[in-house]
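Under full-length UniProt numbering, the very last position in the sequence shown is 231; numbers go up by exactly one each time. Here the structure comes first, spelled out in structure tokens, and everything after it is commentary.
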Amino acid sequence: PLPVGPDRAVEVRRRIGGLHVLTDARQGRDALGVVSAAVAAGARIVQVRVKFCPDRALYDFAARVAEVCARRGATCIVDDRVDIALAVGAAGTHLGAGDLPVAAARSIAGPNHLLGGTARTAATAAELVAAGADYLGVGPAFATATKTGLPDPLGVDGIAAVAAAVAVPVIAIGGITADRIPAVLAAGASGVAVVSAVSDAPDPGTVTRALLAALVAAPQSR
Ligand code: TZP
Ligand code: MG
Numbered sequence: 010p011l012p013v014g015p016d017r018a019v020e021v022r023r024r025i026g027g028l029h030v031l032t033d034a035r036q037g038r039d040a041l042g043v044v045s046a047a048v049a050a051g052a053r054i055v056q057v058r059v060k061f062c063p064d065r066a067l068y069d070f071a072a073r074v075a076e077v078c079a080r081r082g083a084t085c086i087v088d089d090r091v092d093i094a095l096a097v098g099a100a101g102t103h104l105g106a107g108d109l110p111v112a113a114a115r116s117i118a119g120p121n122h123l124l125g126g127t128a129r130t131a132a133t134a135a136e137l138v139a140a141g142a143d144y145l146g147v148g149p150a151f152a153t154a155t156k157t158g159l160p161d162p163l164g165v166d167g168i169a170a171v172a173a174a175v176a177v178p179v180i181a182i183g184g185i186t187a188d189r190i191p192a193v194l195a196a197g198a199s200g201v202a203v204v205s206a207v208s209d210a211p212d213p214g215t216v217t218r219a220l221l222a223a224l225v226a227a228p229q230s231r
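See the structure below:
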């Protein structure tokens with residue numbers, strides 16, 4: 010369980026800062042194999058992200074990812090669905106604007122579940138934190154082909170504006186590659202989330218190690 014009081018934020022930052030590897034649900038990809046390779050290479054946080062999937066298939070996949078994470082002590086987060094996160098024993102849930110409100114998810118999941126929210130502006134970020142978000146996903150940081158219908162990239166300055174508005178960890182997402190990590194950490198991010206950098210790599214383990222090395226090497230402002 011998470012500690013109560015001021016220690017909670019310290020422990021949340023310890024668990025949620027760093028590299029988030031998101032599963033890639035595009036057809037024909039061995040998403041579980043990619044995740045397993047990433048975790049074996051040292052990734053500590055995996056987010057189960059699968060769109061347009063029947064509940065049973067999502068549950069089965071999330072359970073397998075959660076098992077891979079549990080075996081190596083990694084943190085499993087489920088995108089969109091607090092019910093499935095709880096059902097598979099995941100540590101947290103990531104909630105976007107179209108998902109359950111953070112406060113509603115908190116009422117279901119209780120104090121020990123990590124809840125992430127998606128923010129693009131300082132105002133939304135502050136609202137999400139007031140509602141009980143433990144961390145924020147902020148993006149798209151850079152142009153990405155992975156998700157369609159996104160607004161323009163925030164860039165490093167947009168990430169900095171959101172990070173400056175809140176005390177919780179900010180995880181930059183969208184177009185993240187190892188060479189962009191120094192700039193986003195300097196902007197105040199506590200970590201980065203990737204889909205294609207790892208999932209499209211010929212060797213997901215090698216790229217995971219490169220991303221982790223870039224995170225360790227970059228001077229982190231928070
Ligand atoms: N939300 C904002 S950008 C994005 C999501 C889910 C996709 C990130 O994918 P990639 O391949 O790391 O740019
Ligand atoms: Mg969502």
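All C-beta atoms in this analysis are idealised placements derived from N, C-alpha and C, irrespective of residue type, glycine included.
Report yes if the CB atom of ALA222 is closer than 9 Å to the CB atom of PRO191, and no otherwise.
no
Is the region 98–113 close to the region 40–52, with three or more CB pairs under 8 Å?
no
Can you grab the Cα-Cα spacing for the pair GLY197 / ALA172, in whole Å?
6 Å
Around the C-beta of ASP166, are 16 or more other C-beta atoms found within 10 angstroms, so that it is buried, or is it exposed?
exposed
Under a three-way DSSP split, which group does ALA93 fall into?
For the record, residue 93 in the displayed sequence is Ile; it is not Ala. Helix, per DSSP.
How would you label GLY146, buried or exposed, when you count the other beta carbons within 10 angstroms and need 16 or more for buried?
buried
If you measure between the beta carbons of LEU220 and ALA176, is that distance less than 9 Å?
With a cutoff of 9 Å on beta-carbon distance, LEU220 and ALA176 are scored as not near each other.
Decide if the region 72–88 is in contact with the region 111–118; the criterion is three or more beta carbon pairs, one per stretch, under 8 Å apart.
Because the criterion of three Cβ pairs below 8 Å is not met, the region 72–88 and the region 111–118 do not touch.
Does GLY184 pass the burial test, meaning 16 or more other C-beta atoms within 10 Å, or should it be called exposed?
buried
From THR127 to GLY148, what distance separates their C-alpha atoms?
8 Å
Nearest candidate by alpha-carbon position, reference ARG231, set PRO10, ALA94, GLY26
GLY26
Whole beta strand (DSSP E) elements within the region 173–222, 3-residue minimum:
179–182, 200–203
Quick one: Cα of residue 235 to Cα of PRO12, how far?
In this structure the chain extends from 10 to 231, so residue 235 is not present and cannot be described.
Within its chain, find whatever has a CB closer than 7 Å to the CB of ILE93; leave out the 5 residues flanking it on each side and keep chain order.
LEU67, TYR68, ALA71, VAL87
Between the CA atoms of PRO15 and ALA99 - distance to the nearest angstrom:
23 Å
Output needed for GLY101: all residues of its chain with C-beta closer than 8 Å, excluding positions within five of it in sequence on either side, in chain order.
ILE25, THR84, CYS85, ILE86, VAL87, ALA94, HIS122, LEU123, LEU124, GLY125, ASP143
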